[in-house]
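Count the sequence shown with the numbering used here and you get residues 6 to 298, in order. All C-beta atoms in this analysis are idealised placements derived from N, C-alpha and C, irrespective of residue type, glycine included.
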Amino acid sequence: MENHDRIIQGMAGDGDFRVVAAQTTVAVETAREILDLAPVAADALGRAMTGSLLLARLLDKDVRNQYVTLRFEGNGPLGTVIADATVAGTVRGYVANPVPEDPILDVERALGHGMMTVVRGTPPKGKPYTSKLLLGGNGIATDLTRYLMRSEQIASAVLLGVLNRRDGVAAAGGIVIQAFPHATEEAIATIEQRIKDAPPLSTLVEKLPIEDVVATVLHGVHYKQIDAGYTVPVSYSCSCSRERALAPIALFGQDEIQEMIDEGGTEVVCQFCGRRYAFSAHDLLALTANHDA
Ligand SMILES: [Zn+2]
C-alpha cells in the first residue's frame with residue numbers, strides 16, 4: 006500500500022473554527038500487521054492512534070517535538086491500549102490483548118470501563134503534563150472531546166473512524182474541529198448539524214482523499230484548507246533503541262540479573278514495533294559492574 010497518510014489543517018465559519026484532520030489508513034494497517042490485531046483491536050487502536058496525532062497537532066505550542074500519549078486502561082478484553090504520536094507525524098501503538106475471544110465486540114465494550122490517561126510533553130526539557138479521565142463508555146472520540154474541554158479548555162468536536170475489510174484496514178482517519186471563543190451559538194449549532202448529518206467518517210475516508218472528506222462533512226460553512234505547506238506526512242514509526250531496551254533491565258535486582266547471566270543472556274522485544282534486542286551474558290555483566298559502582 007502506497008503511503009499517502011497525512012495531517013491537514015483548515016478553517017471554517019470565516020475563522021470561527023480551526024480544523025485538523027488526518028488520514029491514517031496505512032499507519033493503522035501497519036499497526037495491524039506488526040501487532041497482529043483482530044478487527045476490533047485495529048478499530049480501537051486505530052482510533053487512539055489517529056486521536057493522538059490530531060491532539061499532538063492541535064495542542065502544538067510552537068514546539069517541534071511535542072508528543073501526545075493516550076493510554077486506555079479499561080476492564081474490557083483488549084486490556085491496556087496505548088497510542089503515542091509526535092507533532093512531526095510519527096505514531097506507534099500497543100494493545101495488551103490484540104485478539105480477544107469474542108470477535109464481534111464493538112470498541113466501547115472491547116475497552117470497557119476504566120481510565121484514560123493523556124500525557125503531553127516536549128522532550129528533552131520540561132515535565133510532561135498528565136491528565137486522567139474516566140472512560141465514558143461512548144467511544145474514544147467522545148472521551149477526547151471531554152479531555153479537550155476539561156484539561157485544555159478547548160470546545161471541540163472529534164470524529165474518528167476505522168474501516169476493517171476482510172484483508173485488513175481499508176480506511177482510517179479523523180477530524181477535530183475547535184470552536185474559538187468568538188464563535189456564535191448559531192455557527193456552533195450549524196457545525197454540530199453537519200457532523201450529525203455526515204456519513205460514517207471511515208466510509209468517506211475509503212472513497213475520498215482527506216481534503217475532500219473534510220470538505221464533504223463541512224459543506225456550506227466556508228471551510229477552507231490552509232496552506233498545504235502545513236500538511237504533515239504520517240507514518241508508523243518507533244523510537245526504540247538498544248539503549249532504551251536495556252534501561253529497564255538495569256532496574257532489576259542483582260539476583261534477577263544474575264539469573265539472566267546464568268541463562269546466557271536475555272532478549273527484549275519492543276511492544277510497539279516487535280524489534281528484538283538480544284543482550285549477552287557479557288552485556289549483563291557490564292550492568293552488574295555498574296550496579297556495584
Ligand atoms: Zn520499537
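* To do: Note the first and the last residue of the continuous beta strand (DSSP E) segment covering residue 89.
  => 86-91
* **Range covered by the beta strand (DSSP E) that runs through residue 66** => Careful: residue 66 lies outside any beta strand (DSSP E) and carries neither H nor E.
* Asked: Where residue 109 and residue 37 are concerned, what is the direct C-alpha to C-alpha distance, given to the nearest angstrom?
  -> 17 Å
* Within 7 Å: the Cβ of residue 284 and any heavy atom of ligand 1? -> no
* Asked: Is residue 22 near ligand 1, judged by its Cβ being under 7 Å from some heavy atom?
  -> no
* Let me know the alpha helix (DSSP H) ranges lying completely inside the region 248-289, each 4 residues or longer, listed in chain order. => 259-267
* **Coil, strand or helix - residue 78 by DSSP** => strand
* Collapsed DSSP secondary structure at residue 99 in the structure displayed -> strand
* Asked: Is it the case that the CB of residue 280 approaches a heavy atom of ligand 1 more closely than 7 Å?
  -> yes
* Where do the ends of the beta strand (DSSP E) carrying residue 135 lie? -> 134-139
* By Cβ distance below 6 Å, which residues in the same chain neighbour residue 250 in space, the five residues on each side in sequence not counted? -> 273, 282
* **Identity of the residue in 70, 46, 90 nearest residue 84 by Cα** => 46
* To do: May I ask which residues mark the beginning and end of the beta strand (DSSP E) holding residue 42?
  => That residue, residue 42, is in no beta strand (DSSP E); it is neither H nor E in DSSP.
* Tell me, please, whether the region 71-85 touches the region 104-123 by the rule of three or more beta-carbon pairs shorter than 8 Å. => yes
* Could you check where the beta strand (DSSP E) with residue 165 kicks off and where it finishes? -> 160-170
* **DSSP three-state assignment for residue 212, whether helix, strand or coil** => helix
* To do: Buried or exposed for residue 103, please, with buried defined as at least 16 other CB atoms from any protein chain shown within 10 angstroms of its CB.
  => buried
* Can you list, in chain order, the residues of its chain whose CB lies under 8 Å from that of residue 222, leaving out five sequence neighbours each side? -> 164, 180, 199, 200, 203, 206, 209
* Rounded separation between residue 168 and residue 286 - CA only -> 46 Å
* To do: Quick one: using the 10 Å Cβ neighbour count with 16 as the cut-off for buried, is residue 129 buried or exposed?
  => exposed
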